[in-house]
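A.B. asks: Sending over a structure as structure tokens; questions will come in a sec.
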Amino acid sequence: MTKSEFEPKIVGFLCNWCSYAGADLAGVSRIQYPPTLRIVRVMCSGRVDPVFILEAFRSGADGVLVAGCHPGDCHYLSGNYKLQRRVSMLKKVLEQFGLEPERLRLEWVSASEGDRFATVIKDMTEKVKKLGPSPLNNGG
Amino acid sequence: MTVVSSAFKNKRRLPPCRAACPAEVNVQGYMALLQQGKFKESVELIRKSMPFPAICGRVCFSPCQDACSRKNIDQPVGIRYLKRLAADIEREQGRIKPDAVPKTHNEKVAIIGAGPAGLSTAYELAKLGYPVTVFERMPEPGGMMRYGIPDYRLQKYVVANEIAYIQDLGVEIKTGVEFGKDIEIDTLRNEGYKAIFIANGTQLSTKLGVPGEDLEGVFPAVEFLRDVSLGKTVDVGEKVAVIGGGNSAIDAACTSLRFGAKEVTVLYRRSRNEMPALPHEVEAAEKEGVKICFLVAPKQIIGEEGRVKLIECLRMKLGEPDASGRRRPVPIQRTEHTYGVDTVIPAIGQMPETSCLPSILLDERARAISVDQLTLETKIPGIFAGGDVVTRPASVIEAVGAGKRAAVSIDRYLNGANLRTGREEEIEETTWVKDWEKITRKSERYTAPHIDIGRQKVSFEKADELLTKIKAVATFEARRCLECGLCTECLGGEELCEADKAVVDETLCIGCNVCAIVCPFEAVKKNETGVAQVNEDLCKGCGTCSASCPERAIGMQRFTDSLILTNVAATLGEPT
């Protein structure tokens, strides 16, 4: 597989109230973004257990995006803050495993930011493309 | 999937908005639907509690807004405007005609008076499958909503549309039938009606009790507004004095302006703070040019050749609080002064027409029907009464509340069940917010810029664009709801509900207390045995505790770990 034809697989954990609605809005507004994202909906970004992210990488994801409400905007008040702490910790763990920490990305996307959602996906797709397939994905 | 268990419903813990509403409209529920832009669904949800979303969106005194928790942070959520908008969008885009409810009961129910109380009883009973007939004296149904509230506040087509919905469900409305003349309790019983609900309202104006009240040019407010609604031309002349400080007084004053009066003065015997009229209505009236004189009461109306010419008034001062809790006005002697007027509109209150009612139904002063406050049953079994005729003039939503209670009683009566069992319930207000200072997300209430849309020509494209914008603003305003109530409140526990709940595996829990620290709603606590315990009333299902538990002892009912992991695997396919 050459790098030019590499299409990354990105798993996106989107919170039900902001980012999932934002993705919905991007779709409804017919904003084009790469078909690299595979969405897993969770009620709150605070629901995203580090195990889910690691499992996504283990199952062959080239990148993982976790998106929640903007700080102070969480439907459950503080779920996104807890996620933020977990993600910064997890990036260090990924490095230990030999995965580039850039493969994990945390973003705040509100329900009204359909265009921002598309920009995030475009940007992330390009960055993961540059990194190439996940080392876990090619038989290690 | 629904997460409502029967244990939840018996507790009756309601958010403040719903607890304040006489009809217990599920405000939090339709706010949640509006947040998702589901306008039609939110109207359907309101219709589960009461049949008049568009009417209440216009004229309700909105106790829900007064109770809204958001007032502790900035302003309450604009509940009434949102309700109006949702109902208007539903109506404009074509209301879906509901199917008539099949008649599963044989017992016929008669309802006297097609006002808000009578119609909502009919609505509730029709939904239960009873054959219901509503008898109305006037040519059109709607009661005070049709003949009392002027067109500029509540349009006739709005009333007609909401009543049409009730008729679509299978309620029969017979207009032009007068109770006490064309029909009586005995004739109804002979025709096979098993239960009767009397809600004939308050149709008579309270007399001023001053000399000169019978002069030409004195129109009591109820009759005045009724004549206007019937399309009669009423000549009010140039100078109008309205007496009273309630909504009828303000309505009559603004209506007089629309009938060509140059100078309209409202005379009220107390001060602004004691006015029963809705503050925003008073403000709007003053903007239109209505003058309001406080602490003035009429002493007599002076006529010339049988027609009103002058009104003599006395100044008042406020004394000790009376039974209603408002300060009693006391006349100041020798402060007589006169105004020159063409018309006097007394609007100081309404009374039920009791002459058509059997005297056994009335209270000791024969001024209202006396009923059991809980069941609304009168002294005659099988005859119930509610609405203004019992409570004296009140509001649409209170009448709807009475109608709903009467419907429960009538259903129980016809089934031979006890009318009282389990109805004296306690309602406890809930809100998860413990510290208002913690809420940092402050957003001010949206106030619409005043647009005089009536004279503008708007193209269809422009109108569509405006509507999209309005919908976006409404969605935003609905998001200001703090969702104080239980999670089950959110969508009324219906199939639309997507809430989750945390469950603890007690064998795995080590009592580290992390869950209790991370829970934003203080829903997880260690119990006396040192294991985490989830308070289902407070849990809103975010899953933060589950994700934070080091022992994986907390799982979620709906978005379980294995479900999410399956989803992850499914989106990626088999690893290559």
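Going line by line, the protein sequences match chains U and D.
Everything in the first sequence is counted per my numbering, starting at 6 for the first residue and increasing by one.
Everything in the second sequence is counted per my numbering, starting at 764 for the first residue and increasing by one.
For glycine and all other residues, C-beta sits at the position ideal for the given N, C-alpha and C.
(1) Quick check: the Cα distance between alanine 923 of chain D and cysteine 1282 of chain D, rounded to an integer number of angstroms?
(2) Between the stretch 1302-1317 of chain D and the stretch 48-62 of chain U, can you find at least three pairs of beta-carbon atoms closer than 8 Å?
(3) Taking Cβ to Cβ, would you say proline 1109 of chain D is nearer than 9 Å to leucine 971 of chain D?
(4) Give me the residue from D/Ala1295, D/Val1027 and D/Glu1161 with the minimum Cα distance to glycine 1318 of chain D.
(5) Is valine 71 of chain U close to chain B? Criterion is C-beta to C-beta, closer than 9 Å.
(6) Assuming glycine 17 of chain U and arginine 43 of chain U form a contact by the criterion Cβ under 8 Å, report the distance between their Cβ atoms to the nearest whole angstrom.
(7) Which residues mark the beginning and the end of the alpha helix (DSSP H) in which arginine 4 of chain U is found?
(8) DSSP three-state label for glycine 1255 of chain D, please.
(9) Assign phenylalanine 57 of chain U to one of three DSSP states: helix, strand, or coil.
(10) Note the first and the last residue of the continuous alpha helix (DSSP H) segment covering isoleucine 1327 of chain D.
(11) Tell me whether arginine 1035 of chain D sits in a helix, a strand or coil according to DSSP, three-state version.
(12) Taking C-beta pairs closer than 9 Å, name the residues in chain D that aspartate 120 of chain U reaches, listed in chain order.
(13) Please report whether the beta-carbon of serine 992 of chain D lies at a distance below 9 Å from any beta-carbon of chain U.
(14) What does cysteine 1305 of chain D reach in chain U if we use C-beta pairs closer than 8 Å?
(15) Spatial neighbours of leucine 1137 of chain D within its chain, please: CB distance less than 7 Å, with the 5 preceding and 5 following residues excluded, ordered by chain position.
(16) Could you name the residues of chain D that alanine 61 of chain U contacts, counting a contact when the two beta carbons are closer than 8 Å?
(17) DSSP three-state label for isoleucine 1216 of chain D, please.
(18) Please confirm whether valine 71 of chain U and isoleucine 58 of chain U have their CB atoms less than 9 Å apart.
(19) Evaluate the contact criterion for the stretch 61-77 of chain U versus the stretch 112-125 of chain U: three or more CB pairs, one atom per stretch, below 8 Å.
(20) With H, G and I counted as helix, E and B as strand and the rest as coil, what does DSSP make of glycine 73 of chain U?
(21) Quick check: is the beta carbon of proline 13 of chain U nearer than 9 Å to any beta carbon in chain D?
(22) Comparing alpha-carbon positions, which option in D/Tyr928, D/Glu903, D/Val822 and D/Ala880 lies nearest glutamate 807 of chain D?
(23) How would you label arginine 1243 of chain D, buried or exposed, when you count the other beta carbons within 10 angstroms and need 16 or more for buried?
(24) Using a Cβ cut-off of 7 Å, pull out every chain D residue sitting near serine 64 of chain U, in sequence order please.
(25) Taking the alpha-carbon positions, what's the tyrosine 25 of chain U to lysine 811 of chain D distance?
(26) Comparing alpha-carbon positions, which option in D/Ile936, D/Thr1028, D/Arg1035 and D/His868 lies nearest leucine 1081 of chain D?
(27) Among all the DSSP beta bridges, which residues are the ones paired with proline 1092 of chain D?
(28) Given a cut-off of 9 Å on the beta-carbon distance, is the pair leucine 966 of chain D and glutamine 1113 of chain D in contact?
(29) Would you call the stretch 1073-1092 of chain D and the stretch 983-997 of chain D in contact, with 3 or more CB pairs under 8 Å?
(30) Would you mind working out which of U/Gly119, U/Asp120, U/His80 and U/Ala61 sits nearest leucine 104 of chain U, comparing C-alpha positions?
(31) Verify whether the separation of the beta carbon atoms of proline 13 of chain U and lysine 134 of chain U is less than 9 Å.
(32) May I ask you to list the residues that DSSP assigns as paired with isoleucine 1146 of chain D?
(33) In the DSSP output, what is arginine 776 of chain D paired with across the bridge?
(34) Hey, does alanine 1310 of chain D have any beta-carbon neighbour from chain U nearer than 9 Å?
(35) For alanine 849 of chain D and phenylalanine 1239 of chain D, I'd like the C-alpha separation in whole angstroms.
(36) Nearest to glycine 1248 of chain D by CA position, among D/Gln798, D/Ser832, D/Ala817 and D/Phe960, is which residue?
C.D. replies: Taking the structure as given:
(1) Residue mapping note: residue 923 of chain D aligns to position 160 of the second sequence, counting from 1. Residue mapping note: residue 1282 of chain D aligns to position 519 of the second sequence, counting from 1. Using only the alpha carbons, I get a separation of about 49 Å.
(2) yes
(3) Position 346 of the second sequence holds residue 1109 of chain D. Position 208 of the second sequence holds residue 971 of chain D. Going by C-beta atoms, proline 1109 of chain D is nearer than 9 Å to leucine 971 of chain D.
(4) Taking the second sequence and counting its residues from 1, one reaches residue 1318 of chain D at position 555. Closest option to glycine 1318 of chain D, Cα to Cα, is D/Ala1295.
(5) Checking the listed chains, one finds no chain B in this structure; the protein chains it contains are U and D.
(6) For the purposes of this step, residue 17 of chain U is taken as residue 12 along the first sequence, with counting starting at 1. For the purposes of this step, residue 43 of chain U is taken as residue 38 along the first sequence, with counting starting at 1. Indeed they touch by this definition, with Cβ atoms about 7 Å apart.
(7) Residue 4 of chain U lies beyond the range of chain U shown here (6 to 145); nothing can be said about it.
(8) The sequence position of residue 1255 of chain D within the second sequence is 492, counting from 1. Residue placement at glycine 1255 of chain D is poorly supported in this model, since its pLDDT is 46, which falls under 50; the coordinates still yield a value, given next. Coil, per DSSP.
(9) Here the question's residue 57 of chain U lines up with position 52 in the first sequence. Reduced to three states, the DSSP call for phenylalanine 57 of chain U is helix.
(10) Start at 1 with the first residue of the second sequence, and residue 1327 of chain D comes out as number 564. Run containing isoleucine 1327 of chain D: 1324-1335, per the alpha helix (DSSP H) assignment.
(11) As a first step, residue 1035 of chain D must be located in the second sequence, where it is residue number 272. In this structure, arginine 1035 of chain D counts as helix in the three-state DSSP scheme.
(12) Within the first sequence, residue 120 of chain U is the residue found at index 115, counting from 1. Simply none; closest approach about 15 Å.
(13) Here residue 992 of chain D corresponds to residue number 229 of the second sequence, with the count starting at 1. Closer than 9 Å: no.
(14) Taking the first residue of the second sequence as position 1, residue 1305 of chain D is located at position 542. The answer, in chain order, is Met48, Cys49, Gly51, Arg52, His80, Tyr81 and Gly84.
(15) To locate residue 1137 of chain D, count along the second sequence from 1; it is residue 374. If we look at leucine 1137 of chain D and ignore the five residues flanking it on each side, its Cβ neighbours are Arg1183, Arg1186 and Glu1187.
(16) Walking along the first sequence from the start, residue 61 of chain U turns up at place 56. Ordered by position in chain D, the residues that pass the 8 Å Cβ test against alanine 61 of chain U are Val1331 and Leu1335.
(17) One-based indexing of the second sequence puts residue 1216 of chain D at position 453. Because isoleucine 1216 of chain D carries a pLDDT of 48, less than 50, the predicted location of this residue cannot be relied on, and the following value inherits that uncertainty. Here isoleucine 1216 of chain D sits in helix by DSSP.
(18) As a first step, residue 71 of chain U is located in the first sequence; it is residue number 66 there, counting from the start. As a first step, residue 58 of chain U is located in the first sequence; it is residue number 53 there, counting from the start. Cβ atoms of valine 71 of chain U and isoleucine 58 of chain U: closer than 9 Å.
(19) yes
(20) As a working mapping, residue 73 of chain U is identified with position 68 in the first sequence. Here glycine 73 of chain U sits in strand by DSSP.
(21) The residue labelled residue 13 of chain U in the question sits at position 8 within the first sequence. Not an interface residue.
(22) By one-based count along the second sequence, residue 807 of chain D stands at place 44. Here the closest residue by C-alpha is D/Tyr928.
(23) To locate residue 1243 of chain D, count along the second sequence from 1; it is residue 480. Buried.
(24) The residue given as residue 64 of chain U occupies position 59 in the first sequence. Within 7 Å Cβ-Cβ: Val1331, Ala1332, Leu1335 and Pro1338.
(25) Position 20 of the first sequence holds residue 25 of chain U. Position 48 of the second sequence holds residue 811 of chain D. Between tyrosine 25 of chain U and lysine 811 of chain D, the C-alpha separation is close to 29 Å.
(26) Translated into positions along the second sequence, residue 1081 of chain D becomes position 318. Of D/Ile936, D/Thr1028, D/Arg1035 and D/His868, the residue nearest in Cα terms is D/Arg1035.
(27) Counted from its first residue, the second sequence places residue 1092 of chain D at position 329. Proline 1092 of chain D pairs with D/Leu1081.
(28) Here residue 966 of chain D is taken as the residue at index 203 of the second sequence, counted from 1. Here residue 1113 of chain D is taken as the residue at index 350 of the second sequence, counted from 1. As written in the sequence, residue 966 of chain D is glutamine, which differs from the leucine given in the question. Yes, the pair counts as a contact, with Cβ atoms nearer than the cut-off.
(29) no
(30) Locating residue 104 of chain U in the first sequence gives position 99, where the first residue counts as 1. When each option's Cα is compared against that of leucine 104 of chain U, the closest is U/Ala61.
(31) Within the first sequence, residue 13 of chain U is the residue found at index 8, counting from 1. Within the first sequence, residue 134 of chain U is the residue found at index 129, counting from 1. It is a contact, given that the beta carbons lie within the stated cut-off.
(32) Taking the first residue of the second sequence as 1, we reach residue 1146 of chain D at position 383. DSSP lists D/Ile959 as partners of isoleucine 1146 of chain D.
(33) On the second sequence, position 13 is the one that residue 776 of chain D refers to. Answer is D/Glu1191.
(34) By 1-based counting over the second sequence, the position of residue 1310 of chain D is 547. Closer than 9 Å: yes.
(35) Position 86 of the second sequence, counted from the first residue, corresponds to residue 849 of chain D. Position 476 of the second sequence, counted from the first residue, corresponds to residue 1239 of chain D. Distance between the alpha carbons of alanine 849 of chain D and phenylalanine 1239 of chain D is about 14 Å.
(36) In the second sequence, the residue the question calls residue 1248 of chain D occupies position 485. For glycine 1248 of chain D, the nearest C-alpha among the options comes from D/Ser832.
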